[in-house]
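Take a look at the structure set out below.
Residue numbers (our numbering): 6 to 804.
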C-alpha cells in the first residue's frame, strides 16, 4: 500500500523523517518496501495563466499563447509568448509554465525556441512532462485560484515522500490512511487527528427517489448492513480539484471523474469500499442476494462474467448490477452525464467475498479489504464523508441516509481474557497490569480487571485479527518494541531416532544434477488449467475453490507442466541449451499426493565451443543424467528401464523406470503432438521419478578386494526385440557371486548378421574377495551365462 507522508501527517503530526517512520512501522509489523519522491526533480516551473491564444499561421495544430505569470500590473504588462500544441490550451486556463532555463525530468533544459518561425519563451507543460503521469492528453489544468508565479513544486506540495508498505493478510484494518495513522499514533504516543465526517444535513428531494436508497437484504449472513443515499443535481462533468488528483496519484490511482475519485479517496482514507450508481440507470431498487445459476454481469472493466449461486451480487429489478465487494457493473456506471447518484456503503462478511474476485481473475481494492475484514462501524462516517466532498466538488443536493441492517448478524468486537503471567512467559519480560492496559489503550482497546492478574480486553470493531490471548500478547510486544525484549537461546530436547533406510537427500540429488548442467526451478503447486489440459487431456484434476488467479486454478498432476512452461520462456529468450530440474509434490485425483523429482533437457548437447559439435540432446543423454541420480541409491543395479508408452511421451522414445519390478518413474522425449501444440522448436526430453523409490539403506561395510578382477567379453546374437536390460538381468541371474558388473559396450547390425537380429557386446567383470580367480573359475561362470542366455532369450554367440 502506498501512502504519502504529507497525507499521514494530517492525521498524526510527527517529527520523524520518512525513513525513521518506515523503520518504526517495519518493527511494528508493516514492512517498508520503498520510499520514493512524490515527483522527480525539476525546477523553474511556475503557475501561469493564458490570457490570449491565436492559431499559428504555419501549423494548424499549434497555438501562439500569451501568458502572464503574476497578478500585478507590471506582470500583466510584460506577458510571455509561448507556442503550444495542446488541444486544451485556452484563454483563462491556469497551467504549468517551464520558463527559460528550467530543468525538467529527462535532462530537458528549456531554451528560447522558434517552432515554425515563431519565438517561444518557455513551454506549457503536461503532467507527463513533469513526471507526474505516464500519459497526458493535454497541459496541466490548475484551479482558477492557483496563485500566479508560484512554484509548481510548492503549489502541489511535491517535496513529499511516498512510503510503500507491505500489509500482512491479517491486518485489513491497516489498509488505509486511518489505519496506518492509528498505528503511528500508538507507536509515537501522539493524539490522532480525524477528518470531519459529520453528518450532512439532508435536503428535500423527491420521496420516491429517496426511497430507492433502501436496499433489500436477501442474504443477511453475507451482507447484514447497507447504507444508501441519493444525491441529485450533481455535475460530474467537472474536473476533480488538483489536491484530490494528487492524493490519488501518490496512492497509485488516476483521476477519472469527481464521483469515482471521491469513492476511491474514501477507500484510501477510511478503508471503507463504496460504490456509486447512476440512479437513472438503476431499475427500481437494489437487492443484495446470491446470484442465480446462469446469470451474467458486465463489469466496469468490460468483461462479462458467468455467475454461480455462491456469488453475492447487488441487483436491481433487471438483474445483477455489481459483484458485491469486488467490482461494479457497466450497466449502472456513472459518466460525465450523471446527475443523480446512488451511493452504496455496505458491510460484507469476509467469507462471502473471499476468492470470488480471483475466480474471475480480479483483485480489486475493494475485494482485498473485504476479504481481510472492513470495520463494520465505519460505514456511516464514510457515506457522510463522500457526500460532503461530492457536494463541495460537483455540487448537488443530498437526501437522507437510509440504513438497512440485521444487527444480530453484524460482526461484534471480540472480548479476550489476557493473563499477565502469560505475557512474561512468552515474551521473557514482566509487565504490570497498568502497563499492559496503557499499551493496549493506545490501539483503541478497552480493558477491565477480570480477576487476579487477568484483564478482559475488548478489541476495536476494526481488529478482525484479535481472536485469542496470544494475539493480544503480540500487540503488547509490538508496542513495547521487539528490540526491548530480552534475548535468550532456545532450550529444547532433541532425540535422534535411527532409521534402517531413508529417502535420498534432496540436496545430494540437486548437486549431482547441477554438476551436469541443470538449474533448479521452483513453481507453484497450482498451474494453468489450459496448459495442464493440453499436457494431460481428459485427465481429472483438483480445482481450487479460491485460486489466486485464473491461470493458477488447478493442482498439478505432474511437475512437467511447470517445467514445460519454464522451457518455453527460455526458448522465447533465445536460450539454445536448457536444463531444468524440480523437486515437489504432485496431486493426482483419486490417489495420495506424491513427492517427485522431475527434469527437462532440450537444445544442444554441449555448451557452444570452437571444437565441439552441435548435436541435439537425446533420450540417452537424459538417461545418463537419471542414472547418475540412481547411482546415489543403494543397489543401483535394482533399477531397470523398460520400453513403454505414456500419453505425454513419444511412443518410440520413452521408457518406464522400474525398481524391483515396481514403477519408479518415466523418461522420454516429449510427444510430437505436444511439441507442435506448445510451440517447441526442438523436442525436450523429460523425466519424473518418485522420491519414495529412491531409498537409501545404511549398507554394511564391505572391504575392497585386494585381488585383481578378470574380464570376459561375449558377443551375443539376439532378436531386435530383446533389450539390453533384459540381457543384463539374465546375466546377473545366471552368474555366480563372482560377478561384480556387466556392461554393454557395443551393438552391431549389418553384414554377417541376419535381418531382425543384432549383436550386443557384453563385458563381464569378475572378482573374488579372498583369492585370485583361475581360468576354470571364469570359464565356469561364462558357460553358465551362455546357457542361460541361449535358453532364456534364444541367444546365439559370435566367436
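Built from N, CA and C at the ideal position, the CB exists for glycine as well.
Would you call the CB atoms of residue i and residue j closer than 9 angstroms?
i: residue 466; j: residue 416; result: yes
i: residue 671; j: residue 656; result: no
i: residue 736; j: residue 690; result: no
i: residue 223; j: residue 326; result: no
i: residue 389; j: residue 130; result: no
i: residue 791; j: residue 732; result: no
i: residue 214; j: residue 237; result: yes
i: residue 230; j: residue 352; result: yes
i: residue 565; j: residue 653; result: yes
i: residue 421; j: residue 474; result: yes
i: residue 694; j: residue 603; result: yes
i: residue 339; j: residue 241; result: yes
i: residue 107; j: residue 49; result: yes
i: residue 335; j: residue 316; result: no
i: residue 459; j: residue 518; result: no
i: residue 385; j: residue 588; result: no
i: residue 121; j: residue 168; result: no
i: residue 74; j: residue 43; result: no
Taking the alpha-carbon positions, what's the residue i to residue j distance?
i: residue 191; j: residue 443; result: 10 angstroms
i: residue 104; j: residue 23; result: 31 angstroms
i: residue 746; j: residue 642; result: 9 angstroms
i: residue 184; j: residue 178; result: 6 angstroms
i: residue 347; j: residue 31; result: 40 angstroms
i: residue 81; j: residue 72; result: 9 angstroms
i: residue 799; j: residue 723; result: 7 angstroms
i: residue 576; j: residue 567; result: 14 angstroms
i: residue 366; j: residue 535; result: 14 angstroms
i: residue 692; j: residue 742; result: 33 angstroms
i: residue 51; j: residue 159; result: 9 angstroms
i: residue 165; j: residue 11; result: 6 angstroms
i: residue 35; j: residue 6; result: 10 angstroms
i: residue 448; j: residue 199; result: 15 angstroms
i: residue 453; j: residue 427; result: 17 angstroms
i: residue 441; j: residue 41; result: 36 angstroms
i: residue 4; j: residue 14; result: Residue 4 falls outside the range modelled here, since the chain spans only 6 to 804, and no answer is possible.
i: residue 29; j: residue 283; result: 43 angstroms
i: residue 472; j: residue 669; result: 47 angstroms
i: residue 485; j: residue 381; result: 29 angstroms
i: residue 373; j: residue 196; result: 28 angstroms
i: residue 280; j: residue 110; result: 37 angstroms
i: residue 711; j: residue 774; result: 7 angstroms
i: residue 96; j: residue 209; result: 39 angstroms
i: residue 483; j: residue 174; result: 17 angstroms
i: residue 528; j: residue 377; result: 26 angstroms
Per DSSP, which one or two residues make a beta bridge with residue i?
i: residue 302; result: 310
i: residue 751; result: 766
i: residue 42; result: 166
i: residue 498; result: BP columns for residue 498 are empty, so no partner.
i: residue 55; result: 72
i: residue 456; result: Residue 456 pairs with nothing; no bridge assigned.
i: residue 787; result: Its beta-bridge partners do not exist; DSSP assigns none.
i: residue 50; result: 103
i: residue 87; result: 70
i: residue 36; result: 171
i: residue 801; result: 722
Note the first and the last residue of the continuous beta strand (DSSP E) segment covering residue i.
i: residue 108; result: 99-109
i: residue 71; result: 68-73
i: residue 461; result: 459-463
i: residue 236; result: 230-237
i: residue 511; result: Where residue 511 is concerned, there is no enclosing beta strand (DSSP E), although the alpha helix (DSSP H) it sits in stretches over 511-520.
On the DSSP letters alone, give me the boundaries of the alpha helix (DSSP H) that residue i sits inside.
i: residue 7; result: That residue, residue 7, is in no alpha helix (DSSP H); its beta strand (DSSP E) goes 7-9.
i: residue 428; result: 425-432
i: residue 81; result: 78-82
i: residue 438; result: 438-446
- [ ] Go through the segment 566-644 residue by residue and report every complete run of the beta strand (DSSP E) that reaches 3 residues or more, in order.
- [x] 582-591 and 599-608
List, from N- to C-terminal side, the beta strand (DSSP E) runs of 3 residues or more that fit wholly inside the segment 656-711. 667-675, 690-695 and 700-702
- Message: Report the start-end ranges of each alpha helix (DSSP H) in the segment 304-391 that is 4 residues or longer and not cut off at the edges.
- Response: 355-358, 361-364 and 370-377
Of all the beta strand (DSSP E) runs that stay within the bounds of the segment 713-741, which reach a length of 3 or more residues? 715-724
Which runs of the alpha helix (DSSP H), 4 residues or longer, sit entirely within the segment 145-217? 157-160, 182-193 and 212-216
Runs of alpha helix (DSSP H) wholly within the segment 461-492 (minimum 4 residues, chain order)
474-485
At 4 residues or longer, what runs of the alpha helix (DSSP H) sit wholly inside the segment 249-304? 263-275
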